[in-house]
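Taking it in order: structure first as structure tokens, then the write-up.
The following block contains the structure:
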């Protein structure tokens, strides 16, 4: 069973479209939890009620580029609430499905692995790092190294990270909550979530793997998905999801299919 964790902060209509999009392309037993990263503390609550989606009560206002605690808060709440699931998927507000088969895909490609991301970076030296999030981590490495208890760290891309529930339990057992909270309160690491979870997973013995290349052709970092690209992705049998969907006309077209 898959649980999708959505990080969103505005536009309840788009949130409702995303929730219905997830359900359209997955089975009836998937679970969805919303993390409200915005200033409006009522954002999404009515949508969650109408769509029978869980609302994470550990939600906090987050700043752009500093959303690193989102997945940790969701993991922790799911454990505290004793929610049952097999895989937890990191979803941002601008990820939409365009094809079926994600659950079957996850079961197949996660066989023998504990977590999967768009790519797996192993960062061993600040001198050889050009990746911007990694460079910001190296600047604070004296602070983070004791937390990770490692001499190096790993990186991936936030949207569509997948973790087994078993590895999440081990990760939470490893994390010194007070230490992490102190780091989160002062860190300026950019896109922390792209390094925090995958590094902790590796530390506790997790086996990491990247998504198959053909499946992530439209999982992009910067350039928003155009309507023509959404249509191309829809026709591609290897593609199940697209990111980032920023424009209402693209989102509406996807949801009308």
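Residue numbers (my numbering): 120 to 376. The beta carbon of each residue, even a glycine, is placed where N, CA and C say it ideally should be.
- With respect to residue 370, residue 124 sits apart: the two C-beta atoms are not nearer than 9 Å.
- In the DSSP assignment, residue 258 falls within the alpha helix (DSSP H) that extends over 251-258.
- Annotated as distal: residue 281 and residue 337, with beta-carbon spacing of 9 Å or more.
- A check of alpha carbon separations from residue 250 across 295, 374, 272 identifies 272 as the nearest.
- Taken atom to atom, the span from the alpha-carbon of residue 247 to that of residue 239 is near 16 Å.
- Taking every protein chain shown into account, the CB of residue 227 has fewer than 16 other CB atoms within 10 angstroms, so this residue is exposed.
- Per the Cβ contact rule, the region 312-327 is not in contact with the region 336-355 (fewer than 3 Cβ pairs under 8 Å).
- Beta bridge pairing from DSSP links residue 124 with 152, 209.
- Secondary structure within the region 232-292: the alpha helix (DSSP H) runs of 4 or more consecutive residues, fully enclosed, are 251-258, 260-267 (chain order).
- Take the alpha-carbon of residue 175 and the one of residue 167: they are about 10 Å apart.
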